[in-house]
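S.K.:
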Amino acid sequence: MADAAFLALTVITIGSAIAALEMRSLIYGSIALMGTLGGIAGFFFLLDAPFVALFQLAVYVGSIAVLILFTVMLVKRELIFKMIEDRRRKFAGIGLMLIIMVSLGAVFLDSGIKTITTDEPAVDFRDIGKNFVTYYWPALILMGLVLAGSVTGALVLARREDVEDDQRTN
Amino acid sequence: MTNELIDFTLVSVAMLAIGIYGLAVKRNFIRMLFAVEIIINAANLNLVAFGRFLPHAGGQTMALFSIAIAAAEVAVGLSLIIVAYRMYQNVDIADFRSLKG
Chain Y
1 MADAAFLALT VITIGSAIAA LEMRSLIYGS IALMGTLGGI AGFFFLLDAP FVALFQLAVY
61 VGSIAVLILF TVMLVKRELI FKMIEDRRRK FAGIGLMLII MVSLGAVFLD SGIKTITTDE
121 PAVDFRDIGK NFVTYYWPAL ILMGLVLAGS VTGALVLARR EDVEDDQRTN
Chain C
171 MTNELIDFTL VSVAMLAIGI YGLAVKRNFI RMLFAVEIII NAANLNLVAF GRFLPHAGGQ
231 TMALFSIAIA AAEVAVGLSL IIVAYRMYQN VDIADFRSLK G
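Those sequence lines, one after another, are chains Y and C. First residue of the first sequence: 1, per the numbering used here; consecutive thereafter. First residue of the second sequence: 171, per the numbering used here; consecutive thereafter.
Structure below.
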């Protein structure tokens, strides 16, 4: 049975995920998204994975959420508060959400996952480091290249073509 | 452990459903990016939960890879938002039609 910390984290995570999508202001929405990402980090702590939890806090809450917040600030003010959605489409979306929740939840509750419990000690985080440099080293290098490529691509995409270099210095 | 694997899996299913709802209903580019983030986090939660209960270090390793790739995806997605906003002065995806034949 789940304990109190788990239930509190569930409420925070699911509640702020709904708030992130439904809040009128995009700024408050992105702050609510920070709550979701932090709640997931809390789940990682509960799962005895402190290394992944701290990675999640550093990368998601620390950088991605702040990046999103800054992008939202670049958008015009009336667009930040404008909800663009169709009423009928919204009800259809809620129906789709409930169908997915109920059907997938029923499948999982009916499957063998329910009986899986463990008394074994948690995985040592030194094993993760060993995994990275032994079995997964090509993937690690590829990931580094993908990250470098994506940063370069983001810079090239966001660069303004209509501004001259001498204007840029002023 | 007092918490069982099924608890974490059900939270993950709920987050997946919320993310799909956001992708289906919202027309704001930035909110759709929020929905994608929520779905990716649901997947990461599953990876770490199964890695804990097997127990196997592969789950956490994959979760770390997934977090790093998601960071790259957000960087590119946000710069696409900036470019599209500069071109159309809007964040409504229904306005981004220049590729439509």
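Here a beta-carbon is modelled for each residue, glycine too, at the ideal position from N, C-alpha and C. All values derive from a computational prediction rather than experimental measurement.
Residues in its own chain within less than 8 Å of L203 (chain C) by CB, not counting five upstream and five downstream?
M.R.: For the purposes of this step, residue 203 (chain C) is identified with residue 33 of the second sequence, where counting begins at 1. Within the same chain, L203 (chain C) has close Cβ partners V244, G247, L248, I251.
S.K.: Taking C-beta pairs closer than 7 Å, name the residues in chain Y that I209 (chain C) reaches, listed in chain order.
M.R.: Numbered from its first residue, the second sequence carries residue 209 (chain C) at position 39. Under the 7 Å cutoff, chain Y gives no residues; its nearest Cβ is about 10 Å from I209 (chain C).
S.K.: Terminal residues of the continuous alpha helix (DSSP H) containing N131 (chain Y)?
M.R.: Indexing the first sequence from 1 puts residue 131 (chain Y) at position 131. Segment 125-133, the alpha helix (DSSP H) holding N131 (chain Y).
S.K.: From F44 (chain Y) to E164 (chain Y), what does the alpha carbon distance come to, in whole angstroms?
M.R.: Position 44 of the first sequence holds residue 44 (chain Y). Position 164 of the first sequence holds residue 164 (chain Y). Those two C-alpha atoms are separated by around 48 Å.
S.K.: What does the Cβ neighbour count give for G38 (chain Y), buried or exposed, with the cut at 16 atoms within 10 Å?
M.R.: Here residue 38 (chain Y) refers to the residue found at position 38 of the first sequence. Buried is the call here.
S.K.: Could you tell me which chain B residues have their CB closer than 8 Å to the CB of D3 (chain Y), listed as they occur along the chain?
M.R.: Looking at the structure shown, chain B is missing, and the protein chains on hand are Y and C.
S.K.: May I have a chain-ordered list of the alpha helix (DSSP H) segments no shorter than 4 residues that lie completely inside the region 74-121 of chain Y?
M.R.: Listed in chain order, they are 77-80, 87-110.
S.K.: For the alpha helix (DSSP H) holding R222 (chain C), just list the boundary residues, first then last.
M.R.: One-based indexing of the second sequence puts residue 222 (chain C) at position 52. Looking at the DSSP string, the run of the alpha helix (DSSP H) that includes R222 (chain C) is 199-223.
S.K.: Do you know whose CA, among C:N211, C:A242, C:L234, lies nearest L67 (chain Y)'s CA?
M.R.: By one-based count along the first sequence, residue 67 (chain Y) stands at place 67. For the residues C:N211, C:A242, C:L234, the minimum Cα distance to L67 (chain Y) belongs to C:A242.
S.K.: On the DSSP bridge list, what partners appear for M262 (chain C)?
M.R.: Counting from one through the second sequence, the residue named residue 262 (chain C) turns up at place 92. The sequence shown places Asp at residue 262 (chain C), rather than the Met named in the question. Paired residues: C:N198.
S.K.: Counting only beta-carbon separations shorter than 7 Å, does D265 (chain C) have a partner in chain Y?
M.R.: Reading the second sequence from its first residue, position 95 is the one you call residue 265 (chain C). Not closer than 7 Å to any Cβ of chain Y, the Cβ of D265 (chain C) fails to qualify, so no.
S.K.: With distances taken from CA atoms, which of Y:T71, Y:R88, Y:G144, Y:L47 is nearest Q230 (chain C)?
M.R.: Along the second sequence, read from residue 1 onward, the residue named residue 230 (chain C) stands at position 60. Here the closest residue by C-alpha is Y:L47.
S.K.: Return no unless some Cβ of chain C is closer than 7 Å to the Cβ of R89 (chain Y).
M.R.: Stepping through the first sequence from its first residue, residue 89 (chain Y) is reached at position 89. Output row for R89 (chain Y): interface = yes.
S.K.: Kindly list the residues whose CB is nearer than 6 Å to the CB of F223 (chain C), restricted to its own chain and excluding five residues on each side of it in sequence; keep chain order.
M.R.: Translated into the one-based positions of the second sequence, residue 223 (chain C) becomes position 53. Same-chain partners within the cutoff: L175.
S.K.: Fully enclosed by the region 225-264 of chain C, which beta strand (DSSP E) runs are 3 residues long or longer?
M.R.: None, since the region 225-264 of chain C contains no complete beta strand (DSSP E) of that length.
S.K.: Can we count A41 (chain Y) as close to the ligand MN, meaning its CB is less than 6 Å from some heavy atom?
M.R.: The ligand MN is not part of the structure shown, which contains no ligands of any sort.
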